[in-house]
Amino acid sequence: MRARTVQRRNEHDSPLSLAITHCRGVGQKTASLLERVGISTVGDLMFHFPRAYLDRRSLTPIGSVQPPHPAVVVGEIIRLRSFRASRRLCVTQCTITDGTVPLNVVWFNQPYVARSLAKGVRVILSGNVSDRRGVHMQNPDVEVLSGETREFLHTMGLIPIYPLTEGLGQKKIRRLVHAALDDFLDRLEETLPDSLIQGRGLLSRGQALRGIHFPRTHDEIEKARERIAFEELLALQLCLRSATSSQAGTGIAHGAEPTLTRAFRSHLPFTLTDAQERAIAGIFRRMESSRQMNVLLQGDVGSGKTVVSACAMLKAVENGRQAVLMAPTEILAEQHLSSLGELLRGVNVETVLLSGRCPSSERRRATTLMASGRPALVVGTHALIESSVTIPNASLVVIDEQHRFGVNQRAALRQKGVNPDLIVMTATPIPRTLALALYGDFEVVTIDTCPPERHPVETRHIPDAGRNRMYRLLRETLSTGRQAFVVCPEIGERSDSGAGAAARVTETRTEYAKAFPDCRIGVLHGRLCAEEREKALTRFRNNDFDILVATTLIEVGIDIPNASVMVIESADRFGLAQLHQLRGRVGRSVHKSHCFLVAEPSTPEAIRRIELMTTVNDGFALAEHDMYLRGPGEFLGTAQSGIPPLRVAHLVKDFALLEQARETATAILDADPQLMLPENRPLRALLGDRMRQNVDL
């Protein structure tokens, strides 16, 4: 027998953190297989929940089985044989009876079945019944009946079906989960206060885990699911609310004469919409209050969020303060600086950029300006939250693309100033349910209409067979003097700055040069330096190019009204929100605009995304669909956000439970902000390091 390494463990350690090899039946080979599905600890295994259940609760007399319906039968083996029909085919056959009629059973290439069976043994079988060549069961699950009372993991009851990987079967993982629950469940600490469990009529944590893995009834599944979902949602709300409550304080009342904002608005080449006016007025009213402002600013693509945030930033500057805008990427930060520069022409305001790739001389200039407190607009990336950077006079923080930042990053930037006001700006709308869930302490300011020059973009799906027809339509549009974007996916690289993305742009430019030999074609990708990128955009804006082939660099911050066609190559590789953002680069003038989605979608999700893009123009509606398609966790990017992942809870389907969790979290933190009371210590343990970080912030 092969010796197994014994791993030492502290008796006080939570069993959830133990290595998966502490589980019975898990050696190094099985551990490697489990790691492929994200299981490396006992806790991972216990919280690897079934994705579905097979209902095998009803026994069928052998004489009543009806092909081709599945059945669960019990009988005694009266005949058993195993033989090799060919070099690659092993056959095990048996006949069972329950005292009425016999039933033939066959297994193919499962020689281990014969080793576990014998004539005269009573078995329980579950599987499909076939009438081909006589009524029989083929490859059923089988378990041996013994005199002792026992659970049947595979053949009788509600049978869990788990997410798997190659080499890891359902029977194996059921046995492992069952063993883990038997060995460790009594050592599992409760994570909710007794008063909360009793008050809400919830199962204990152990009951819920047993009930969700090996339920006896559907009602037991629902009760187990409710307990686990409530725990997840409560942890989510405690994390978010502890962070925001720790930041609460007296804000800065911005009350100076609006000289800069008035000058800024007078120089704008367009008239603000009523929705923008309402948004600006609402933000100004909150900034003029001494109460610290938390605003979520959202609107559809092209609704004019940048202008609204620029007005707010100028209000901070005219009050002798600094305003800070943080973007998730260096390229987006540069585009924000460029956009602000365009908007602020004619307004005397100092602006500065701080990002990771700023030359040392520019970095010194930026950090010196911020440290001096001189009124200015500061644009940057994560570099703004480095410990060496000080921004003592910041009175307004604007964070773009909030879902790409964690709660702690947001708090770290906010701490750079003295209780600055906060505006969180989303690139695309956040569904109402998520806004209430994740920004419950924020006041939502919505720009609900777009400028009148914005028109719906006609969107078409172009399969490969329809490419020539698309070329004809594109050629007709270009002949009228309009321009077109062609966007390539980022294939083979994680970042737009990757060589793979640049190579794809170059290849696509060559293809379009052959199809449109008389057209001027430019390129734009992350391998170009900032000066080259700006030059390419300027030339396109000046109509020096008919077509601009680019990566998703053009996703935001680009406003070229003469561009009326957006071609998205391999559109099935993009997410719904990103497709809508790209489509928003056109339709910015009186000219009819088109978006062509060139794709051969092969998955149901990709097909659905393409269908939605061709039928829905409203960004708020698309956001709701996007969340359903991807799930709230992926929609939010919770892995990067510093908030607990959701394994069971669904922020839409469990919205009523979410609201209850919000109310509970608020009541708990109002009474015990740092969860130090004895009855709340289980909650503190549940949140662990993540909770401590948020409290400290």
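Here the sequence shown stands for residues 33 to 729, where the numbers follow this note's numbering. Idealized CB from N, CA, C, for every residue including glycine. These figures come from a predicted structure and were not determined experimentally.
Taking a cut-off of 8 Å for Cβ pairs, the region 304 to 318 and the region 334 to 342 touch, as three or more such pairs fall below it.
Rounded to the nearest whole angstrom, the C-alpha separation of E366 and L385 is 8 Å.
In terms of Cα proximity to P484, the closest of L454, R620, T132 is R620. E221 is positioned such that its CB atom lies no closer than 7 Å to that of L678.
L190: not part of any alpha helix (DSSP H); member of the beta strand (DSSP E) spanning 189 to 193, first to last residue. No residue range can be given for A359, since it is assigned to no alpha helix (DSSP H) and is classified by DSSP as neither H nor E. Residues V456, Y471, F474, V476 of the same chain have their beta carbon placed closer than 6 Å to that of L328, with the five preceding and five following residues left out of the count. Contact check for G238 against L272 fails: the beta carbons are separated by 7 Å or more. Note on geometry: alpha-carbon atoms of D704 and K567 lie some 56 Å from one another. At the C-beta level, R88 and S158 come within 7 Å of one another. Secondary structure within the region 237 to 316: the alpha helix (DSSP H) runs of 4 or more consecutive residues, fully enclosed, are 237 to 245, 250 to 279, 291 to 299 (chain order).
In this structure, I642 lies away from L654, with their beta-carbon atoms at least 7 Å apart. Contact check for L611 against V519 fails: the beta carbons are separated by 7 Å or more.
Bridge pairing for H626: E490, V597 [DSSP].
By the Cβ test, the region 573 to 585 is in contact with the region 552 to 559, since at least three Cβ pairs between them sit closer than 8 Å.
Secondary structure note for E67: its alpha helix (DSSP H) is the uninterrupted segment 60 to 68. Between R716 and S596 a beta carbon distance of about 57 Å is seen, past the 8 Å cut, so the two are scored as non-contacting. In the three-state scheme derived from DSSP, where H, G and I count as helix and E and B as strand, H557 is classed as coil.
Cα atoms of P47 and H80: separation of roughly 15 Å, rounded to the nearest angstrom. Residue range 84 to 88 is occupied by the beta strand (DSSP E) that includes Y85. In the three-state reduction of the DSSP assignment, V381 falls in the coil class. Per DSSP, reduced to three states, the secondary structure at E198 is coil, with no helix or strand assignment. A distance of 7 Å or more separates the beta carbons of A150 and S114. If you draw a straight line from the Cα of T538 to the Cα of E601, it is about 13 Å long. The alpha-carbon separation between A261 and A693 amounts to approximately 10 Å. At least 7 Å separates the beta-carbon of P93 from that of V161. Nearest neighbour of E108 by Cα position, chosen from R120, D130, P102, A415, turns out to be D130. Distance between L50 and E374, taken at the CA atoms: about 57 Å. In the three-state DSSP reduction, F687 falls in the helix class (H, G or I). Note that the C-beta distance between T646 and T491 is below 7 Å. Nearest to R207 by alpha-carbon distance, out of P192, N649, V379, M358, is P192.
Going by beta carbons, R617 and I590 fall inside the 7 Å limit. Here V410 is near V356, since their CB atoms are less than 7 Å apart. By the C-beta density criterion, A697 is buried, having at least 16 other C-beta atoms within 10 angstroms.
As far as DSSP is concerned, P225 takes part in no beta bridge. For P102, the beta-bridge partners assigned by DSSP are N160.
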